[in-house]
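Shown next, in C-alpha cells, is the structure this report addresses.
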Amino acid sequence: MSEAGIVKEKDDPAVVFRTRGLTKVYEMGSVTVHALRGIDLELSSGELVVLLGPSGSGKSTLLNILGGLDTATGGEVSYLGKDLTKATERELTEYRRYHVGFVFQFYNLIPSLTAVENVSVVTEIAVKPMNPADALAVVGLADRLDHFPSQLSGGEQQRVAIARAISKNPSVLLCDEPTGALDSETGIVVLEALERVNRELGTTTVIITHNVDIAGMADRIIHLSNGLISEVTKNTAKRSPQELHW
Amino acid sequence: MKALDHKLWRDLWGMKGQALAICLVIASGVCTYVLLISTMHSLNLTRDSFYSEYGFADVFASLKRAPEGLRQRISEIPGVNQVETRVMANVKLDIRDFPEPVTARLVSVPDSGSPLLNRLFIRRGRQVDPSKDNEVLVSEAFADAHRLIPGDRFGAVINGKWKTLVVAGVALSPEFVLQSRPGALSPDYKRYAILWMARTPFATAYDMKGAFNDVTMTLSPNALTGDVIARLDELLDNYGGLGAYSRKDQMSNRFLSEEFKQLQRSAQIFPTIFIAVAGFLLNVVISRTVSTQRDQIAALKAFGYDNMSIGIHYVKLVFVIVLIGIALGLGAGIWLGRGLGRIYMEFYRFPYLLNVLKPSVVISASLISILSALAGTLYSVRRAALLPPAEAMRPEPPAQYRRIMLEYLGLGRILSQPTRIIFRNIERRPVKTALTVFGIALASAVMISGRFSSDAIDFMVDVQFRLHHREDMTVTFTEPASGKAVHELQSIPGIEYAEPFRSVPAQLRFGHRTYRTSIEGVRPASRLYQLLDLRLKVVDIPPSGILLTDYLGQMLGIKEGDMLTVEVLEGSRPVLQVPVAGLAKQYIGLMGFMDISALNRLMKEGSAISGAYLATDARYQQQIYRKLVETPRVAGVVVRKEEIKNFYATQAEALLFFTFIATILGGIIAFGVVYNSARISLAERSRELASLRVLGYTRGEISYIFLGELALLTLVSILPGFFIGKGICVYVARALESDLFRIPVVIEPKTYALAAAVVIVSACLSGLIVRHRLDHLDLVAVLKTKE
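Chains as they are written, first to last, in my numbering: chain A, 867 to 1112; chain B, 12 to 798.
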C-alpha cells in the first residue's frame, strides 16, 4: 500500500480512523482474554484524542490495532477509508512506514545509537522526512544530538522518541503512556512537545494514559473500560500542558 | 540503512568479547583447513613438479646381476618408454669425528653426466667426473647433517674394499625425497646417506662391469603397469630379480602419499569440529542478542521496517563476525603453513617448495564457514524477523522453571537454594545444556586427537624397540654367511652376546593375494628379538610353520592353519608351502617369522645367517663400531639406542608443532564456549543476581550460583570429551592403517590430564573475566531497567 494507495472516503474526508464492532481476543496460556469487545470509533484529522482507562481496559490493544502493530479478531478498522483488517503483513509494514508515528511508554530507543541516529533510523526509510536535527529541535533537543540514550534523562529520551515519531511527517501520532515512566515535571515537557506537534503540524494524535489529568489537553477524551468505550467527552476547556499538574 | 549499520557496529563492539571468541573459533577452523589443505597442495605440487622435471621413473626393479645386453630386451616390453640400468650397492661409510656406524646406498649415474631417469638436482658443487674413481655426489640431508661441502673427504667400504671418497657436489633426487634406510622408523640423516657415483668407476669397484643390478623405466601413457611388471619379472627371473614394483610402491613416494592422506584426513576432521562449534556459538549468541533486542526489533517494525531488512540486519552481524574469523584464519593458516612446510622440508627433501594457495581453498573455507554460521543462526534471525511487533513490545514471558528430578526424588531438602537455582537452570534448557556440554567436550576431544599421534608414536617405539627389538646393535652381512660368523662376532671385545638371524626376501601368496616382504628366521627363546602376540605378550617362535604380522594376515585373508605359498626371491628361488602357525602384533612393517633352523631347512642351506643381534658393553661401543666397519662381510650396523634417539630428534619438531597447535585450538574452543555461555547467562540473569545481592547475598554467593553452573557443565563435559577424542583417534588410526604402519590407539593418561587441564583453565579464565563483571553489577541500575 503506497501513499497513493490510500483512497479517501468521499463522504467524510476528515475521518482518519473508523472502527466498527472491533474485537480482539487472545490466549494467554490457558486463559482467553477479551481485550476489545466491540469498539465503534471515529477519529478526525488534526484531532488530539486521549484514551483513558485503567490497565487492562484495552487501550494499548486498540492503539496497536490502529497503528498496524496488531490485527483485530473481529470487526472493521479503516485508515482513510482503507480497510486495515484486510491488509497483508507487507501492507501493514508500509502503512507503519509512511503514515504512523509511534511513541512508547519505555521510549524504545536503540541504545547503541545516538539521538540523531535514532531519528535517522526512521528518516532513512521515510518519504520526504524532516531533517533529523530539525525534528530534535522541535522537541527542544537541538543541543543533545550526539548523546546516547544512556546519557539522556528519561524525559529527554522520550522527547527523542517523539522527534523520531514525527520526523517522518506522519499522518497520525500514536502515543502509548508517553509520560508513564516520567515524573510530572518531565512529563509536562514531553506533553508540550506532543501538543506543539499536533498544533503546528496538524498531526492527528492519540495519547493513551491512565492519568486523568492529562485529559485536560485533549480535544476529545475517550474512556475505555473492560474492552468497551464507556464514555466519550468533548473537551470544551482545552488546556495547555503547562497548566496541567498531577 | 546507515543508522542501522551504526547500530550493527556498536552492537558488535558491545559484544566484542563474545564476538572475538567466536571469531577465534571460526579462525581456528579456517586456519586448520587452509593450513592442512594448502600444505598438502603445496607438497603435492612440489612433488609433481619435481617428479616430472627430474624424470621420476614409473617402474623399478632390483636384481642380482644381469648383463647390460638385457637392457634392450627390457625396452622391448610393450608399454615401456625409457629404460635406464644402474648399479646400486649398500656401503659402509666412515665419517671423521662421527664414530657411529653410517651406511649409504650408492647409486650409479651414467658417465655422460646426468641420468636419463631420476635426474639429480645439484644443490652445490658439480656433477661427478667419470674419469676420477673417487668422486661422489652426496644427498643434501646427509651433507647438511655432517656439514659436508664439495671437496670434503670421507672413507667408504665398497665391496669389502676401503676407499676414500671426495664430495663433488650435493644433490637431491625424486627417488629419495624421503631418505630413509629400509625398515627404519624415520629418516636418519646422520647415519644413512644416498651417494651417487659415475657408472664406470663404481662398476669397476663393485665388479659390475658390463652388468647392472637395478633398472628403472618410464611407461608410455596408456601402458598397463601390471602387465609391464609381470613381463619384467619374467625377464629378470633368471637374473635374481627381486620383483619389480611401480612408483606407487616406491618407498619414498609411498611415504609421501601416506603423509598426504594423513593431511587430508586431518583437514576433514579438525575444521569440521571448529565450524560446528562456531555455528553453535553463533546460534547461542544471536538468539540471545535477538531476545535482548526484542523491544528494538519491535520499535523498528513499528516504524515500518520490514521483516527482510530486520533479517538482513542480523545476518550482517553474523557476516561481520564470520568474515573477521575467516580473515584471521586465512592469515594464520598461511603463516603457519610456512612453518609446517618448513617442517615437512626437513623430512622430505625437495629442491624447492612451491607454496600454493588455491583460490578454491579460500573459497571453500569461506563458504563452509559462512554457510554453517548461517545455518546456526538462521533460526534465530528468522524468529527475530517474524516477531509480531505488538508481541515484541511486551516483555518476554518469564522463563518456565520446573522442579528438578532430585526434588521429585525427595532429595530437594539437601539442596541449598543457590544449588537449586543452578540445577533448575540446567534442567530448564536441556538442549542448550547438552549443546554446551558437547561444545566443551569437543575442546578436550581436539586436544586429545591433536596429541594422540605423539602418544601413539611413544607406544609404537616402545613396542618396536623395547619389546620387539631388545638388542643393542644389529649387524647385517653383505651375503648370507655361515653360522660360524656369530662366533667371530662374539670374539670382538665388548660384544657380550650375539644371536643370529636369517632374513629371506619373499613373495607371500594366499589365493590371489600376494605381498612382498621378508621372512625373518629367529632363534627360539631369543633374548634379543621377541615376538609379540595380539595382546603384546611375548610368544615363542613355533618350531615349524610361520607367524605373520596380524595386518599381513588380514591383507592376505589367511588364518592359522592355512597353507601359505612362499616364493623365495633369493638364491635358487624355491617356491615353498608353509603352514601359518599364528599371528604376531607389529605396528611397523609387515613380515613373516620362522624358527631360524626351520627356515634354513626349508631353504636347504645349512646354518646360513643374514646377520646378528648383539648385546654389547656400552664402554666398548666405539671399538666395536670400528671393528665392524673394518669387517668386510658386515654391510651395516644399526644401534638401537641411536635409532630411538634419532627418531625422536627428527619427530620432535613436528610433534611439538602439532601439540602446540592442538593446545591452542582446544583452549580456544573451551574458552569460546565457556565464555559465551557465561556472558549470555550473565545477560539473562543479571537482574536476578542483582536482586539477590539486594536481598543480602554476597558477591561470593551469587558467583557460586552463576559460575557454579558453568563449573558443573565444564566438569560434566570432560568425560564425553575423552570419549569423543578417543573416537576421533580411532577414526584417524583406522583411516591411516597401511602395510607401512598401523597406529595403535593409545592415549596416555597425561594426554587426558592435559586436555582436562586446558579445558578447566580456559573455563576458569572465562569465569574470572565474567566474575569481574559480576562484581561490578550496578544494583540500582539493573533493578531500574525493565525486563
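Glycine residues also receive a C-beta, built at the ideal position from the N, C-alpha and C atoms.
> Under a Cβ-count criterion, where at least 16 other Cβ atoms within 10 Å of its own Cβ denotes burial, should B:R630 be classed as buried or exposed?
Replying inline: exposed
>> Residues of the segment 285 to 310 of chain B in Cβ contact with chain A at a cutoff of 8 angstroms, in chain order, please.
In response: Result list: D306, Q307, A309 and A310.
>> Tell me the rounded alpha-carbon separation between A:N974 and B:I758.
In response: A:N974 and B:I758 have their C-alpha atoms spaced approximately 56 angstroms apart.
> Where B:L15 and A:R1030 are concerned, what is the direct C-alpha to C-alpha distance, given to the nearest angstrom?
Replying inline: 14 angstroms
>> So, at 6 angstroms on beta carbons, what are the nonlocal neighbours of B:M219 in its own chain, with the 5 sequence-adjacent residues on each side left out?
In response: V98
> Which term fits B:W346, buried or exposed, when burial requires 16 or more other beta carbons within 10 angstroms of its beta carbon?
Replying inline: exposed
> With distances taken from CA atoms, which of B:R134, B:P553 and B:E490 is nearest B:D606?
Replying inline: Nearest C-alpha to B:D606 among B:R134, B:P553 and B:E490: B:P553.
> For a contact meaning CB atoms closer than 8 angstroms, what does A:Y964 contact in chain B?
Replying inline: G315
>> Using 7 angstroms as the threshold, is the C-beta distance between B:I691 and B:P429 below it?
In response: No, the pair does not count as a contact, with Cβ atoms beyond the cut-off.
> Expressed to the nearest angstrom, what Euclidean distance is found between the alpha-carbon atoms of A:I1054 and A:A901?
Replying inline: Approximately 30 angstroms, taken between the alpha carbons.
> On the premise that A:A1059 lies in contact with A:R1025, defined as a C-beta separation below 8 angstroms, what is that separation, rounded to the nearest angstrom?
Replying inline: 5 angstroms
> Looking at the structure shown, is A:W1112 part of a helix, part of a strand, or coil, going by DSSP?
Replying inline: Residue state, collapsed to three classes: coil.
>> Beta carbons nearer than 7 angstroms to chain B: which residues of the segment 893 to 905 of chain A have them?
In response: Per Cβ criterion, the list is empty.
> Taking Cβ-Cβ distances shorter than 7 angstroms, what residues in chain A pair up with B:R393?
Replying inline: Residues of chain A passing the Cβ test: none, with the nearest at roughly 14 angstroms.
> Rounded to a whole number of angstroms, what is the C-alpha to C-alpha distance between B:P504 and B:R520?
Replying inline: 43 angstroms
>> On a Cα-Cα basis, can you pick out the residue from B:R164, B:V772 and B:I297 that is closest to B:D108?
In response: B:R164
>> Assuming B:A222 and B:P78 are in contact, meaning their beta carbons sit under 8 angstroms apart, how far apart are those beta carbons, in whole angstroms?
In response: 6 angstroms
> What distance in whole Å lies between the Cβ atoms of B:G450 and B:V684, which are believed to be in contact at a cut-off of 8 angstroms?
Replying inline: 4 angstroms
> Buried or exposed: which applies to B:P400, given that a residue is buried once 16 or more other Cβ atoms fall within 10 Å of its Cβ?
Replying inline: buried
> With burial defined as no fewer than 16 other Cβ atoms inside 10 Å of the residue's Cβ, what is the status of B:H783: buried or exposed?
Replying inline: exposed
>> Between which two residues does the beta strand (DSSP E) holding B:I735 run?
In response: Run containing B:I735: none in the beta strand (DSSP E); it sits in the alpha helix (DSSP H), R710 to L747.
>> For a contact defined as C-beta to C-beta under 8 angstroms, what are the partners of B:G25 on chain A?
In response: S978
> With DSSP run on the structure shown, which of helix, strand or coil describes B:V756?
Replying inline: B:V756 sits in coil when the DSSP states are folded into three classes, being neither helix nor strand.
> Where does B:E146 land, buried or exposed, given buried means 16+ other C-beta within 10 angstroms?
Replying inline: buried
>> Contact defined as beta carbons within less than 8 angstroms: I believe B:L76 pairs with B:N224. What is the distance between those atoms, to the nearest angstrom?
In response: Reading off the sequence, residue 76 of chain B comes out as Arg, not Leu. Sure, about 5 angstroms apart at Cβ, within 8 angstroms.
> Just reading off the alpha helix (DSSP H) that B:S268 is part of, what are its end residues?
Replying inline: M262 to T303
>> I believe A:T885 touches A:L907 by the beta-carbon criterion, under 8 angstroms. Please report the beta-carbon distance rounded to the nearest angstrom.
In response: Yes, they are in contact, since the Cβ atoms of A:T885 and A:L907 sit about 5 angstroms apart, within 8 angstroms.
> Can you list the alpha helix (DSSP H) stretches of 4 or more residues lying completely in the segment 1011 to 1055 of chain A, in chain order?
Replying inline: 1020 to 1032
> Grouping DSSP H, G and I as helix and E and B as strand, with all else coil, what is B:K327?
Replying inline: It is helical.
> What does A:S986 reach in chain B if we use C-beta pairs closer than 7 angstroms?
Replying inline: K13 and A14
> Between the C-alpha atoms of B:R360 and B:F604, what's the straight-line distance to the nearest angstrom?
Replying inline: 34 angstroms
> If you draw a straight line from the C-alpha of B:P141 to the C-alpha of B:L567, how long is it?
Replying inline: Roughly 47 angstroms between the two C-alpha positions.
> Name the DSSP bridge partner or partners of B:Y540?
Replying inline: B:H480
>> Under 7 angstroms, Cβ to Cβ, is there at least one residue of chain B near A:N997?
In response: no
>> Bridge partners for B:E531 per DSSP, in chain order?
In response: B:S514 and B:F604
> Using a Cβ-Cβ cut-off of 7 angstroms (strictly less than) and excluding sequence neighbours within five positions of A:H1013, which residues of its own chain qualify?
Replying inline: Within the same chain, A:H1013 has close Cβ partners T980 and A981.
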